[in-house]
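J.:
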Amino acid sequence: MGSEFKRLKRYNATWITVRALTFAASVFLLIAGGLLLMQKLHIAQVHALWYGLAALAGLAVGVVVFVLLRKSDMRLAEKLDQDRQLRERVQTMVAYRNEDNAMLHLQREDTENRLKQVRTVGVRFYGVLLHAVMLALAVAVFLVGMVLPTQAVVEPTEPTEPPFVPSKWQISALEDLIAHVENATMADDAKTTTLEQLRQVRQTMDQKVTFGAMRSQVISAAAKVYEASDAANSNDDVNAALRLMGHDIRKELAFAVCSLEIQLPDYEASMDGMEQTLKKAANLTQLAQMSQDILACLEKISWDEEDPLYAAAAQFARDLQLASDAFTVEKNVKLTYSRIGEAIHNLKTNASLAKELQLSTRTESLYVVDTLCDIFGISNAERPEDPDVPVAKDESQDNNQGSNDGGGGTGQMQYGSDDKVYDHQNNIYDNYGNLINDYYAELIADIVDGKISPELAEILQKYFGILFKPVEEGEEVTP
Amino acid sequence: MEMINNTENLERVKQFSQKVAQVKTELHKDVVGQEDVLDNVLIAIVAGGNVLLEGVPGVGKTRMVRSLSRVLELPFSRIQFTPDLMPSDVTGTNIVEKDDNGKLNTVFKRGPIFANLVLADEINRATPKTQSAMLEVMQEHKITVGDNTYKLEEPFFVMATQNPVEQDGTYPLPEAQMDRFMFKLLVNFPTAKELADIVKMTGITMEETAQRVLSGPEILEMRALAATVPVVDKVLDYAVNLVSNTHPEIENASETAKKYIKYGASPRAAQALISCAKVRALMNGNYNVSYEDIDALAAPVLRHRIKISYGAINEKMNAEDVIAALVKENKKLSK
Numbered sequence: 005m006g007s008e009f010k011r012l013k014r015y016n017a018t019w020i021t022v023r024a025l026t027f028a029a030s031v032f033l034l035i036a037g038g039l040l041l042m043q044k045l046h047i048a049q050v051h052a053l054w055y056g057l058a059a060l061a062g063l064a065v066g067v068v069v070f071v072l073l074r075k076s077d078m079r080l081a082e083k084l085d086q087d088r089q090l091r092e093r094v095q096t097m098v099a100y101r102n103e104d105n106a107m108l109h110l111q112r113e114d115t116e117n118r119l120k121q122v123r124t125v126g127v128r129f130y131g132v133l134l135h136a137v138m139l140a141l142a143v144a145v146f147l148v149g150m151v152l153p154t155q156a157v158v159e160p161t162e163p164t165e166p167p168f169v170p171s172k173w174q175i176s177a178l179e180d181l182i183a184h185v186e187n188a189t190m191a192d193d194a195k196t197t198t199l200e201q202l203r204q205v206r207q208t209m210d211q212k213v214t215f216g217a218m219r220s221q222v223i224s225a226a227a228k229v230y231e232a233s234d235a236a237n238s239n240d241d242v243n244a245a246l247r248l249m250g251h252d253i254r255k256e257l258a259f260a261v262c263s264l265e266i267q268l269p270d271y272e273a274s275m276d277g278m279e280q281t282l283k284k285a286a287n288l289t290q291l292a293q294m295s296q297d298i299l300a301c302l303e304k305i306s307w308d309e310e311d312p313l314y315a316a317a318a319q320f321a322r323d324l325q326l327a328s329d330a331f332t333v334e335k336n337v338k339l340t341y342s343r344i345g346e347a348i349h350n351l352k353t354n355a356s357l358a359k360e361l362q363l364s365t366r367t368e369s370l371y372v373v374d375t376l377c378d379i380f381g382i383s384n385a386e387r388p389e390d391p392d393v394p395v396a397k398d399e400s401q402d403n404n405q406g407s408n409d410g411g412g413g414t415g416q417m418q419y420g421s422d423d424k425v426y427d428h429q430n431n432i433y434d435n436y437g438n439l440i441n442d443y444y445a446e447l448i449a450d451i452v453d454g455k456i457s458p459e460l461a462e463i464l465q466k467y468f469g470i471l472f473k474p475v476e477e478g479e480e481v482t483p
Numbered sequence: 120m121e122m123i124n125n126t127e128n129l130e131r132v133k134q135f136s137q138k139v140a141q142v143k144t145e146l147h148k149d150v151v152g153q154e155d156v157l158d159n160v161l162i163a164i165v166a167g168g169n170v171l172l173e174g175v176p177g178v179g180k181t182r183m184v185r186s187l188s189r190v191l192e193l194p195f196s197r198i199q200f201t202p203d204l205m206p207s208d209v210t211g212t213n214i215v216e217k218d219d220n221g222k223l224n225t226v227f228k229r230g231p232i233f234a235n236l237v238l239a240d241e242i243n244r245a246t247p248k249t250q251s252a253m254l255e256v257m258q259e260h261k262i263t264v265g266d267n268t269y270k271l272e273e274p275f276f277v278m279a280t281q282n283p284v285e286q287d288g289t290y291p292l293p294e295a296q297m298d299r300f301m302f303k304l305l306v307n308f309p310t311a312k313e314l315a316d317i318v319k320m321t322g323i324t325m326e327e328t329a330q331r332v333l334s335g336p337e338i339l340e341m342r343a344l345a346a347t348v349p350v351v352d353k354v355l356d357y358a359v360n361l362v363s364n365t366h367p368e369i370e371n372a373s374e375t376a377k378k379y380i381k382y383g384a385s386p387r388a389a390q391a392l393i394s395c396a397k398v399r400a401l402m403n404g405n406y407n408v409s410y411e412d413i414d415a416l417a418a419p420v421l422r423h424r425i426k427i428s429y430g431a432i433n434e435k436m437n438a439e440d441v442i443a444a445l446v447k448e449n450k451k452l453s454k
């Protein structure tokens, strides 16, 4: 092999080595620089091992580049022939390097002479420039990573809620509410719980909690007031249980006695009706059975024995039993009537007293929750559910109109649609709203059938319109 | 085996191109222009091949060959091919002669073919039978007449001429005979300047004044020397692919062949390419064959060996255009 070709081969190998080293160094410096930057900018935790891996990566790239760029003698000869337009001289020389004759000798000599003019192989200006730029960039990244000071760690702060700052009127309103409850007529347990919750809310107002925490406590306090009221009132639970029972004259009596959702005036009137029923001759013989039915009903609905209404109903049952026992012996109808009347009177009195307390408890609880939520701006949607009203609240509760007029109503539905009224047609106690809808449906049917005159129909439709939605003063009413 | 660093051989190699240059100089005394034709004729002679010269009448085909015979100092004969020419008119025939004793003997009278340089003028005017008499001579350099075979003296060349225009009364050469020609060279009409020189020359003399430069043995030496020019495998494959790509029927045939060629060149084309490329390289002072040598010889070697298809005719392409396309395609494939 000619010396000139060997020279160029060495040159080429050197250049390839330089390129491989440049690539290797660039890769290492880029990765190491990146790691340094990540560490100093606290983007990620970088272990020292990563730098070792960067070195390995650089080495691997360098080896790959070297292997790919490395040329065999024939490939180098091809490149020389192409780049220098040597007319396949170098390839021929390399192909026939192991042979010799006059022609080959001349060919080799001629080729070598031409190769003397060749200074470089495989080195192009843009190639050198590219390598230089690549290395410079890598060095720059590395130096920046080295020189950059470590940034201080900035802990991310969670967004803070604004503190709750109570206004003077809120403090004053809450204190007024507490004073009101202290003087209110409520069942003891319910009153105690209500005051406790209100005072806790008052204490929290002084503690500078967050807005959300304050609201949460208010809602929790309202829920506990409701629970206490519900525990003191056995009306709904009893009523719900009674609905499941069948109806006959005896059970109807027990039902009427045990049902605590009846308005007192109606209650008394129905008791009067029961008195008349009891006094019928046929029923005198059934007094004992009626007594048993009442007691069985009380037991079945799991009424709290300490509930004064329970006591009133149980006493009434015992009174009936005594009257029955006396009638069995004495067979005195008039006396028995008197005893029945007395039993009814006692029931009315006892029930009224008990009922009054429970109603008062219920009313006060509703008032406390409404006032408390108004003070702290708790919307109807955020308020806890009233356990006494297992139906969805609607927006009309915001108006609070006509919902607290006596009775055991929740006070939250517009027209007391959750109030229970006695449906004499079906002999059941149903929601006031359902009943009024039924009546309205019948009205419409009658209008359609022409049973009602147009003038009367208009009046009745206006009437139902009043019932179905609140009426602003001066507003035209339409159903 | 060639001697290593033999001074005499080195000298002979160095003198090769000088001698060729001298030959050309002498030829130009009688022939104006036609540089490429002269170069290729010399290449064919050194390589040991026959040449078919095609050109319109009066462009100097015959004159060129005659001058060549004088420069090379080769016994020369001219055979004017006519339709009535018989094979025996070319090869020779046995005649009956009375010897000195009055005895009748059969003697073989040699025909004009028995020369070193034979000019077969207007070869396409002879009948196929007569043309076929040239087949054995051109390929094997021997003649068989009766039971006897006569070897022709080396170097032996046939330079044939034909006109492209006079088609009436001509017999196109069969492919088998065309394949015996190493080159088909187109002798074009001279340029205006060349024509002016020709006219000036004829005004002075019509005599052919070229002098001897080479002898037959020297040509044989040059031939042997050219044969030693090395060819690297890639260049060899390049030449082989070029010839293979003239065949549309082979697997992976080139697009050009599929589109423009009816049938391709024989293996003799590849042999001619390589042997002539070696001579050309040496003539140009190079000591190895290159792609350029192959490309330069593609047209002379292939133009009479391929038959273009109707596709080429439709697109108004001739054999030169098709060969140029083949060379271009071959270059792309070789990269």
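Those protein sequence lines, which keep their order, are chains A and B. Taken in order, the first sequence gives residues 5 to 483; the numbers are from the numbering used here. Taken in order, the second sequence gives residues 120 to 454; the numbers are from the numbering used here. C-beta atoms are modelled at their ideal positions from N, C-alpha and C, and glycine is treated no differently. Everything numeric in this text was worked out from a predicted model, so none of it was measured.
(1) Please report the straight-line C-alpha distance between glutamine 258 of chain B and glycine 404 of chain B, rounded to a whole angstrom.
(2) What does the alpha-carbon distance come out to for the pair serine 457 of chain A and aspartate 450 of chain A?
(3) Here's the rule I'm using: 16 or more other beta-carbon atoms within 10 Å means buried, otherwise exposed. How should methionine 5 of chain A be labelled?
(4) For alanine 389 of chain B, report the span of its alpha helix (DSSP H) as first-last.
(5) In terms of alpha-carbon separation, which member of B/Tyr410, B/Thr328, B/Ala400 lies closest to valine 354 of chain B?
(6) Between the Cα of asparagine 407 of chain B and the Cα atoms of B/Leu344, B/Arg229, B/Glu439, B/Ser251, which residue gives the shortest distance?
(7) Specify, as a first and last residue, the run of the alpha helix (DSSP H) that alanine 156 of chain A falls within.
(8) Going along the segment 400–429 of chain B in order, which residues come within less than 9 angstroms of chain A, judged by CB to CB distance?
(9) Quick one: which chain A residues come within Cβ less than 7 angstroms of proline 349 of chain B?
(10) Would a C-beta distance cut-off of 9 angstroms place leucine 172 of chain B and threonine 280 of chain B closer than the cut-off?
(11) What are the start and end residues of each continuous alpha helix (DSSP H) run of 4 or more residues lying completely inside the segment 58–88 of chain A, in chain order?
(12) On the premise that leucine 181 of chain A lies in contact with leucine 376 of chain A, defined as a C-beta separation below 8 angstroms, what is that separation, rounded to the nearest angstrom?
(13) Is the shortest distance between the beta-carbon of glutamate 92 of chain A and the beta-carbons of chain B less than 9 angstroms?
(14) Any idea which residues DSSP pairs proline 167 of chain A with across the strands?
(15) What's the C-alpha gap between arginine 387 of chain B and histidine 135 of chain A?
(16) For threonine 347 of chain B versus alanine 106 of chain A, is the C-beta spacing smaller than 9 angstroms?
(17) From the DSSP secondary-structure annotation, give me the bridge partner or partners of aspartate 240 of chain B.
(18) Quick check on DSSP: helix, strand or coil for methionine 257 of chain B?
(19) What residues of chain B sit near aspartate 87 of chain A, judged by a beta carbon separation below 7 angstroms?
(20) Within the present structure, is the beta-carbon of valine 65 of chain A separated from the nearest heavy atom of the ligand FMN by less than 8 angstroms?
(21) Can you pull the chain B neighbours of aspartate 114 of chain A, defined as C-beta to C-beta under 7 angstroms?
(22) Here's the rule: buried if 16 or more other CB atoms are within 10 angstroms of the residue's CB, otherwise exposed. What is phenylalanine 146 of chain A?
(23) Closest Cβ-Cβ distance between aspartate 356 of chain B and chain A: below 9 angstroms?
(24) Cβ atoms of leucine 110 of chain A and leucine 84 of chain A: under 9 angstroms apart, would you say?
(25) Are the segment 180–199 of chain B and the segment 287–296 of chain B touching by the rule of at least three beta carbon pairs closer than 8 angstroms?
(26) Quick one: list the residues of chain A neighbouring aspartate 352 of chain B, beta-carbon separation under 8 angstroms, in chain order.
(27) Taking C-beta pairs closer than 7 angstroms, name the residues in chain A that methionine 132 of chain B reaches, listed in chain order.
(28) Does chain D have any CB closer than 9 angstroms to the CB of alanine 443 of chain B?
(29) Is the shortest distance between the beta-carbon of lysine 451 of chain B and the beta-carbons of chain A less than 9 angstroms?
(30) Would you check if the distance between the CB atom of asparagine 449 of chain B and the CB atom of leucine 361 of chain B is smaller than 9 angstroms?
(31) For the alpha helix (DSSP H) that contains lysine 270 of chain B, what are its first and last residues?
(32) Just mark methionine 183 of chain B as buried or exposed, buried being the case when its beta carbon has 16 or more other beta carbons within 10 Å.
(33) Do we get a CB-CB distance below 9 angstroms when we pair glutamate 82 of chain A with the residues of chain B?
(34) Tell me the DSSP bridge mates of valine 132 of chain A?
(35) Counting only C-beta atoms, is leucine 339 of chain B closer than 9 angstroms to chain A at any point?
(36) Using C-beta distances below 7 angstroms, list every residue in its chain close to glutamine 484 of chain A, excluding the 5 sequence neighbours before and after it, in chain order.
T.: Result, derived from the coordinates:
(1) Your numbering for residue 258 of chain B matches position 139 in the second sequence. Your numbering for residue 404 of chain B matches position 285 in the second sequence. For glutamine 258 of chain B and glycine 404 of chain B, the distance between alpha carbons rounds to 29 angstroms.
(2) Along the first sequence, one-based indexing puts residue 457 of chain A at 453. Along the first sequence, one-based indexing puts residue 450 of chain A at 446. Roughly 10 angstroms between the two C-alpha positions.
(3) Here residue 5 of chain A refers to the residue found at position 1 when the first sequence is read from its first residue. Methionine 5 of chain A should be labelled exposed.
(4) Position 270 of the second sequence, counting from 1, holds the residue named residue 389 of chain B. Where alanine 389 of chain B is concerned, the enclosing alpha helix (DSSP H) stretches over 386–402.
(5) Looking up residue 354 of chain B in the second sequence gives position 235. If we check each option's Cα against that of valine 354 of chain B, B/Tyr410 comes out closest.
(6) Taking the first residue of the second sequence as position 1, residue 407 of chain B is located at position 288. Cα-wise, what sits closest to asparagine 407 of chain B is B/Leu344.
(7) One-based indexing of the first sequence puts residue 156 of chain A at position 152. That residue, alanine 156 of chain A, is in no alpha helix (DSSP H); it is neither H nor E in DSSP.
(8) Ala400, Leu401, Gly404, Asn405, Tyr406, Asn407, Val408, Ser409, Tyr410, Glu411, Asp412
(9) Within the second sequence, numbered from 1, the residue matching residue 349 of chain B stands at position 230. Going along chain A in sequence order, the residues near proline 349 of chain B (Cβ under 7 angstroms) are Thr96, Tyr100, Met107, Leu108, Gln111.
(10) Within the second sequence, numbered from 1, the residue matching residue 172 of chain B stands at position 53. Within the second sequence, numbered from 1, the residue matching residue 280 of chain B stands at position 161. Yes, they are a contact pair.
(11) For the segment 58–88 of chain A, whole alpha helix (DSSP H) runs of length 4 or above, ordered along the chain, are 77–88.
(12) In the first sequence, the residue the question calls residue 376 of chain A occupies position 372. In the first sequence, the residue the question calls residue 181 of chain A occupies position 177. Leucine 376 of chain A to leucine 181 of chain A, Cβ: 7 angstroms. Contact.
(13) Position 88 of the first sequence, counting from 1, holds the residue named residue 92 of chain A. Yes - at least one Cβ of chain B is within 9 angstroms of the one on glutamate 92 of chain A.
(14) As a first step, residue 167 of chain A is located in the first sequence; it is residue number 163 there, counting from the start. Assignment of beta-bridge partners to proline 167 of chain A by DSSP yields A/Thr214.
(15) Sequence index remark: in the second sequence, residue 387 of chain B carries index 268 (1-based). Sequence index remark: in the first sequence, residue 135 of chain A carries index 131 (1-based). One C-alpha to the other measures close to 51 angstroms.
(16) Start at 1 with the first residue of the second sequence, and residue 347 of chain B comes out as number 228. Start at 1 with the first residue of the first sequence, and residue 106 of chain A comes out as number 102. Cβ atoms of threonine 347 of chain B and alanine 106 of chain A: closer than 9 angstroms.
(17) As a working mapping, residue 240 of chain B is identified with position 121 in the second sequence. Bridge partners of aspartate 240 of chain B: B/Gln199.
(18) Start at 1 with the first residue of the second sequence, and residue 257 of chain B comes out as number 138. Here methionine 257 of chain B sits in helix by DSSP.
(19) One-based indexing of the first sequence puts residue 87 of chain A at position 83. Within 7 angstroms Cβ-Cβ: nothing; aspartate 87 of chain A doesn't reach chain B, min ~14 angstroms.
(20) Among the ligands in the structure shown, none appear at all, so the ligand FMN cannot be discussed.
(21) Here residue 114 of chain A is taken as the residue at index 110 of the first sequence, counted from 1. Here the neighbours are Tyr406.
(22) Taking the first sequence and counting its residues from 1, one reaches residue 146 of chain A at position 142. Buried, since its Cβ has 16 or more Cβ neighbours within 10 Å.
(23) Mapped onto the second sequence, residue 356 of chain B falls at position 237. No, no contact with chain A.
(24) Mapped onto the first sequence, residue 84 of chain A falls at position 80. Mapped onto the first sequence, residue 110 of chain A falls at position 106. Not in contact: leucine 84 of chain A and leucine 110 of chain A (Cβ atoms no closer than 9 angstroms).
(25) no
(26) Start at 1 with the first residue of the second sequence, and residue 352 of chain B comes out as number 233. Within chain A, the residues near aspartate 352 of chain B are Ala99.
(27) On the second sequence, position 13 is the one that residue 132 of chain B refers to. Residue 132 of chain B is actually valine in this sequence, not methionine. Contact note: valine 132 of chain B reaches chain A through Ala106, Met107, Leu110, using a C-beta cutoff of 7 angstroms and chain order.
(28) Protein chains A and B are contained in the structure displayed, whereas chain D is not.
(29) Here residue 451 of chain B refers to the residue found at position 332 of the second sequence. No - not a single Cβ of chain A is within 9 angstroms of the one on lysine 451 of chain B.
(30) Taking the second sequence and counting its residues from 1, one reaches residue 449 of chain B at position 330. Taking the second sequence and counting its residues from 1, one reaches residue 361 of chain B at position 242. Yes, the Cβ-Cβ distance between asparagine 449 of chain B and leucine 361 of chain B is below 9 angstroms.
(31) Position 151 of the second sequence holds residue 270 of chain B. Looking at the DSSP string, lysine 270 of chain B is not in any alpha helix (DSSP H); the run it does join, the beta strand (DSSP E), is 267–270.
(32) Within the second sequence, residue 183 of chain B is the residue found at index 64, counting from 1. Buried, since its Cβ has 16 or more Cβ neighbours within 10 Å.
(33) One-based indexing of the first sequence puts residue 82 of chain A at position 78. Yes - at least one Cβ of chain B is within 9 angstroms of the one on glutamate 82 of chain A.
(34) Here residue 132 of chain A corresponds to residue number 128 of the first sequence, with the count starting at 1. Answer by DSSP bridge pairing: none, since valine 132 of chain A is not bridged.
(35) Sequence index remark: in the second sequence, residue 339 of chain B carries index 220 (1-based). Not closer than 9 angstroms to any Cβ of chain A, the Cβ of leucine 339 of chain B fails to qualify, so no.
(36) The requested residue 484 of chain A does not occur in the structure, where chain A is confined to residues 5 to 483.
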